[in-house]
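In full-length UniProt numbering, the protein residues as written are 1 to 398.
Reviewing the structure listed below.
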Amino acid sequence: MSIVLSPGEIKLPDGRSVDFANLDIAATAPCLRAVADAVAELLPYYGSVHRGAGALSQRCTREYEQARETVADALGRGAGDTVIFTRNTTDAFNLLARALPDGTRVLTFDAEHHANLLPWRDTVRLAVPRSPDEAVEALGYALARVRAPQVLVSVTAASNVTGEVWPVARLAEVAHRFGARIAVDAAQLAPHDPAALAGLGADYVAFSGHKLYAPFGAGVLAGRADWLDAAEPYLAGGGASAHVGDDHAVRWASGAARHEAGTPNLLGAVAIATALRTLRADGLNGHERALVARLRAGLAELPHVEELRLFPADAERVGIVSFALLDRDAGDVAVALGREHGIGVRTGLFCAHPLTRRLLAEAAERKGADRAPEHAVRASLGIGTTEEHVERLLAALR
Ligand code: PMP
């Protein structure tokens, strides 16, 4: 029995029933059984977190704070750090962007997901590097020249477009050598290699529960407390306010509560903590690595398909492969994969428009095509993906 929940067989329009091949796990992953169980166990004990003296409220408050501790442990965070439960990665970066001290300059690469491009105000965007080494070198070069009271580097740990793993630990070393801080978009690395999160050397880490085999609606921003403690609350309201005077003068709460106004998402927090515990115990990398290697090898044999990549072909990756289709519309193909083969993939520019457009143009050029496709297809794997799913996709594309 799989450790994730799945819809099992689905009915195709022609009446056949097939095991649904969910190859869009990078967008939203299926829910772990352990997560569903932990959430179900808590449902009878629903009570308000941080807001009541009754037994239910006490229990829920305890569970919520324990979830925070589990996340802190999994991320290797200690004294001087805060773990804030957010809605998702996008929310986490918007929160951090609001908490930056005045004058902070943010350095990102032009290869980022929009969640790590659009929230920042004063940004320097570095050209996309063509290898992990080049990324490290380019960052050092830029940091030696940037002049600002504080500098925050913000990079992805694994690309949602190419699946390529970025050299975050080395980038963190460079950032720290220049007195800069580094934030890491771990939305795609967290589900594939949660044990790696603690060793990144990042000052801030952001990820989403729904990509980590937990439900929608909760994410994490974990990192150094000082800027977060000094910042205006992300949301104003109850929970974030320690005291409101009769004249409405407010003393804001300190710690995570400062940025968690409103009733917290207890089930989301417990789900994330359970997912991290389960994934770290299970070590899933081998399964995914083998499947992604098979997928890439199969795609390489198809003359009308070209993989999108930024780094050399042998760079380390998570279970994500995007490709250009040179002779068909990506959207039409995705619809046919769904209707005729029971396969779910994603098409488009994957909320990383500048990067994906560029990689599509390069892929078309490598194939000698005179025009780049407007959209790419992305197949992403994870827990619950089988060899048969991968073979079915390859056969359908063939
Ligand atoms: N960063 C990366 C690398 C992602 O893949 C995603 C989701 N596509 C995000 C950030 C944003 O995540 P969310 O939509 O959960 O906020």
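A virtual CB, placed ideally from N, CA and C, is assigned to each residue, including glycine.
Please return the same chain residues whose Cβ sits closer than 6 Å to the Cβ of residue i, not counting the five positions on each side in sequence.
{"i": "W120", "result": "A97 and V106"}
{"i": "D327", "result": "H304"}
{"i": "L359", "result": "L308"}
{"i": "L56", "result": "Y45 and G47"}
{"i": "T70", "result": "A273"}
{"i": "L228", "result": "T82 and A99"}
{"i": "R181", "result": "L152 and D203"}
{"i": "D125", "result": "For clarity, residue 125 is Arg in the given sequence; the question names Asp instead. Here the set comprises T108 and D110."}
If distances are taken between C-alpha atoms only, which option among the options comes closest to residue i?
{"i": "L75", "options": "R277, G239, G217 and V136", "result": "R277"}
{"i": "V155", "options": "A148, A175 and P149", "result": "A175"}
{"i": "G47", "options": "A330, P13 and T61", "result": "T61"}
{"i": "V270", "options": "M1, V39, V4 and I3", "result": "V39"}
{"i": "I10", "options": "W166, R339, G223 and A293", "result": "R339"}
{"i": "R147", "options": "A172, P167 and G179", "result": "G179"}
{"i": "D193", "options": "E316, T123 and R181", "result": "E316"}
{"i": "N116", "options": "R170, T70 and A206", "result": "A206"}
{"i": "T386", "options": "F350, A225, A372 and G319", "result": "G319"}
{"i": "E307", "options": "V321, A222 and R125", "result": "V321"}
{"i": "T108", "options": "V168, R77, R16 and D81", "result": "V168"}
{"i": "residue 457", "options": "D314, W166, P149 and L42", "result": "Residue 457 is absent from the structure shown; the chain starts at 1 and stops at 398."}
{"i": "K367", "options": "L349, A230, G201 and E301", "result": "E301"}
{"i": "A195", "options": "D73, D332, A330 and A361", "result": "D73"}
{"i": "V333", "options": "D247, A297, R378 and R125", "result": "R378"}
{"i": "A99", "options": "L393, V124 and G223", "result": "G223"}
{"i": "P373", "options": "L349, I383, A135 and G199", "result": "L349"}
{"i": "Y64", "options": "P264, A253, V335 and L337", "result": "P264"}
{"i": "T82", "options": "T90, D91, R68 and N94", "result": "R68"}
{"i": "V165", "options": "D226, L152, P13 and L197", "result": "L197"}
{"i": "A225", "options": "I383, G78 and G384", "result": "G78"}
{"i": "F93", "options": "A135, G199, G286 and L221", "result": "L221"}
{"i": "A26", "options": "L42, S380, Q66 and L95", "result": "S380"}
{"i": "L325", "options": "R289, K211 and A364", "result": "A364"}
{"i": "A290", "options": "G15, G382 and Q58", "result": "G382"}
{"i": "R16", "options": "A135, Q66, G342 and G245", "result": "G342"}
{"i": "I3", "options": "Q66, A275, R177 and A361", "result": "A275"}
{"i": "S254", "options": "R170, H243 and A135", "result": "H243"}
Tell me residue i's beta-bridge partners as DSSP assigns them.
{"i": "E307", "result": "F323"}
{"i": "T104", "result": "Q150"}
{"i": "H243", "result": "R251"}
{"i": "V155", "result": "V184"}
{"i": "V220", "result": "F85 and F207"}
{"i": "T385", "result": "For T385, which the question treats as bridged, DSSP gives no partner whatsoever."}
{"i": "V174", "result": "None; V174 has no bridge partner."}
{"i": "I343", "result": "A21"}
{"i": "L43", "result": "According to DSSP, which records beta bridges pairwise, L43 is partnered with nothing at all."}
{"i": "G15", "result": "Partner(s): none; G15 has no beta bridge."}
{"i": "A379", "result": "V321"}
Give me, in chain order, the residues of the same chain whose beta-carbon lies closer than 8 Å to that of residue i; leave out the 5 immediate sequence neighbours on both sides.
{"i": "E112", "result": "S154, V155, T156, D185, A352 and L355"}
{"i": "P215", "result": "C31, V35, V39, G209, L267, G268 and A271"}
{"i": "A127", "result": "F109, D110 and A138"}
Taking the beta carbon of residue i as the centre, do at least 16 other beta carbons fall within 10 Å, making it buried, or is it exposed?
{"i": "H375", "result": "buried"}
{"i": "Y141", "result": "exposed"}
{"i": "L397", "result": "buried"}
{"i": "L279", "result": "buried"}
{"i": "A144", "result": "exposed"}
{"i": "A29", "result": "buried"}
{"i": "T162", "result": "buried"}
{"i": "P129", "result": "buried"}
{"i": "H389", "result": "buried"}
{"i": "D370", "result": "exposed"}
{"i": "D295", "result": "Sequence check: residue 295 is Leu here, not Asp. Under this definition L295 is a buried residue."}
{"i": "V292", "result": "buried"}
{"i": "G8", "result": "exposed"}
{"i": "residue 409", "result": "The requested residue 409 is not part of the displayed model; the chain covers only 1 to 398."}
{"i": "S159", "result": "buried"}
{"i": "D329", "result": "exposed"}
{"i": "L393", "result": "buried"}
{"i": "R346", "result": "buried"}
{"i": "V335", "result": "exposed"}
{"i": "P13", "result": "exposed"}
{"i": "D91", "result": "buried"}
{"i": "G344", "result": "buried"}
For residue i, which residues in the same chain have their Cβ closer than 7 Å to its Cβ, ignoring the five residues on either side in sequence?
{"i": "S131", "result": "F311 and P312"}
{"i": "L5", "result": "P30, C31, R33 and A36"}
{"i": "G80", "result": "R224 and A225"}
{"i": "F323", "result": "L299, V305, E306, E307, L308, A376 and V377"}
Touching by the beta-carbon criterion (3+ pairs, under 8 Å), the stretch 15-29 and the stretch 227-239: no
Cβ contact check for the stretch 50-60 and the stretch 176-195: 3 or more pairs under 8 Å: Contact fails: fewer than three Cβ-Cβ distances are below 8 Å.
The stretch 218-238 contacting the stretch 79-94, beta-carbon criterion three pairs below 8 Å: yes
Contact the stretch 354-369 vs the stretch 253-262: 3+ CB pairs below 8 Å: no
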